[in-house]
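The numbering of the sequence shown is this note's numbering, which starts it at 314 and goes up by one. Virtual Cβ for every residue (Gly too), placed ideally from N, Cα, C. Here's the structure, in structure tokens; my notes come after.
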Amino acid sequence: MPIPKAELHLHIEGTLEPELAFTLAHRNGLTLPYTDVQDLRRAYSFTDLQSFLDLYYSLMDVLRTEADFTDLANAYLARAATQGVRHAEIFFDPQAHTSRGLSMDTVVNGLAAALDTSQDTHGISTTLILCFLRDRPAAEALDTLHQARPHLEHISAVGLDSAEVGNPPENFTEVFTAARDLGLHRVAHAGEEGPASYIWQALDLLGAQRIDHGIRCLDDTDLVAHLATTQIPLTVCPLSNVRLRAVPDLAQHPLPALMDAGLLVTVNSDDPSYFGGYVHDNFQALHTHLGLNGDQLRQLARNSFTASFLPPRRKAQLI
Ligand code: HPA
Ligand code: ZN
């Protein structure tokens, strides 16, 4: 049985497996521009973050109804249970759906129907992290936060994702301040493709309590020292970094260097349908390609609970 762990960097839309995409397309009377599952899988070849995002946003057009979002989340949770996941803090991208005419209610009610039964069905506690799309206007992010207000019982944090380079965290200071005032936690993708300065901005201007990816921190020794002192966690996604060519191959992944520097590192799957593995597959890849031993993998699993937004007593039970 895979080691118990929390998943802290997982985009629910990135769990859309090709089989489910075809099922939902059929149910909604849509025709995908792929002949079959194999043909779609052949498109899963990326040169950078943007080349992935193009497919990610286009395929999620098959998500149309509350039931579609419920089925998507249930499929992920069933899979996560087999990977040892006991707690999941799940990203969703509401603007990717509201911009094509769906309502916030459809998205959140659909996801919540699956999340609400997850503890009993799969033994996984869950919460949602609402991500703002950084390649869309800051005013739209503010409007999205406003639309989410009736749903805050299901949402514990806000995040920032999508195309990083050229869309710095500083553009989203106002909406992150508003989220903090609503009692929400804050996380942000930074230092995946973008520079270390974006990690500083996420910390200093957005009040980020975790950095998603963050691997480019290694370009800035002062930043590495700061992350080590504060124990601000990084949610690292090794298979994603290789598929999106942020690192050349797993054997050269900087995760061991991040651990050696004393950072609070966690391992996560990001968009597992697209990147060739769920969270335990990422753990196994670290063992196979980087030689991480059992103690190191157990430390990474403990870190995932430490870095979560669970209350201290629940963390202590899980660690
Ligand atoms: N980076 C930025 N945005 C994203 C990602 C990612 O890895 N996955 C889904 N949206
Ligand atoms: Zn991500």
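Bounding residues of the alpha helix (DSSP H) (the contiguous stretch that carries residue i)
i, result
"Lys-435", "For clarity, residue 435 is His in the given sequence; the question names Lys instead. 417 to 435 is the extent of the alpha helix (DSSP H) around His-435."
"Gly-472", "Taken as a continuous stretch (DSSP letters only), Gly-472 belongs to no alpha helix (DSSP H), being part of the beta strand (DSSP E) at 468 to 474."
"Arg-556", "551 to 556"
"Phe-365", "362 to 372"
"Glu-453", "451 to 461"
Any non-hydrogen atom of the ligand ZN closer than 7 Å to residue i Cβ
i, result
"Asp-474", "yes"
"His-322", "yes"
"Asp-583", "yes"
"Asp-525", "yes"
Residue i, enclosing beta strand (DSSP E) - first and last residue
i, result
"Val-592", "Taken as a continuous stretch (DSSP letters only), Val-592 belongs to no beta strand (DSSP E), being part of the alpha helix (DSSP H) at 592 to 603."
"Phe-622", "Unbroken run through Phe-622: none, as it is neither H nor E."
"Arg-392", "Where Arg-392 is concerned, there is no enclosing beta strand (DSSP E), although the alpha helix (DSSP H) it sits in stretches over 379 to 395."
"Leu-441", "438 to 446"
"His-498", "498 to 503"
"Ile-524", "523 to 526"
"Thr-486", "No beta strand (DSSP E) holds Thr-486; the alpha helix (DSSP H) holding it covers 486 to 494."
8 Å contact criterion, which residue i and residue j should meet: CB distance rounded
i, j, result
"Ser-475", "Thr-440", "No, Ser-475 and Thr-440 are not in contact; Cβ-Cβ is about 21 Å, not under 8 Å."
"Glu-330", "Ala-388", "7 Å"
"Leu-577", "Thr-619", "7 Å"
"Pro-317", "Leu-631", "7 Å"
"Leu-642", "Thr-486", "Residue 642 is absent from the model: the chain starts at 314 and stops at 632."
"Arg-556", "Gly-589", "6 Å"
"Ala-491", "Ala-541", "Ala-491 to Ala-541, Cβ: 30 Å. No contact."
"Ile-442", "Phe-404", "5 Å"
"Gly-327", "Tyr-369", "6 Å"
"Leu-495", "Leu-465", "7 Å"
"Glu-477", "Arg-447", "7 Å"
Cβ-heavy atom distance, residue i to the ligand HPA, below 7 Å
i, result
"His-502", "yes"
"Leu-362", "yes"
"Asp-327", "At residue 327 the sequence reads Gly, which differs from the Asp that was named. Yes; taking the cut-off as 7 Å, the Cβ of Gly-327 has a heavy atom of the ligand HPA nearer than that."
"Ser-553", "yes"
Cβ-heavy atom distance, residue i to the ligand ATP, below 7 Å
i, result
"Tyr-369", "Ligands displayed in this structure: the ligand HPA and the ligand ZN; the ligand ATP is not among them."
Self-check item: Inter-stretch contact (C-beta, 8 Å, three-pair minimum) for the segment 348 to 355 and the segment 392 to 401
Solution: No: fewer than three Cβ pairs fall under 8 Å.
Quiz item: Using 8 Å as the Cβ pair cut-off and three pairs as the minimum, do the segment 535 to 552 and the segment 594 to 608 touch?
Solution: The answer is yes - the segment 594 to 608 touches the segment 535 to 552, with three or more Cβ pairs under 8 Å.
Quiz item: Three or more beta-carbon pairs under 8 Å between the segment 320 to 327 and the segment 580 to 600, yes or no?
Solution: Verdict: yes, contact present.
Self-check item: Three CB pairs or more closer than 8 Å across the segment 371 to 381 and the segment 335 to 350
Solution: The segment 371 to 381 makes contact with the segment 335 to 350; the number of CB pairs closer than 8 Å reaches 3 or more.
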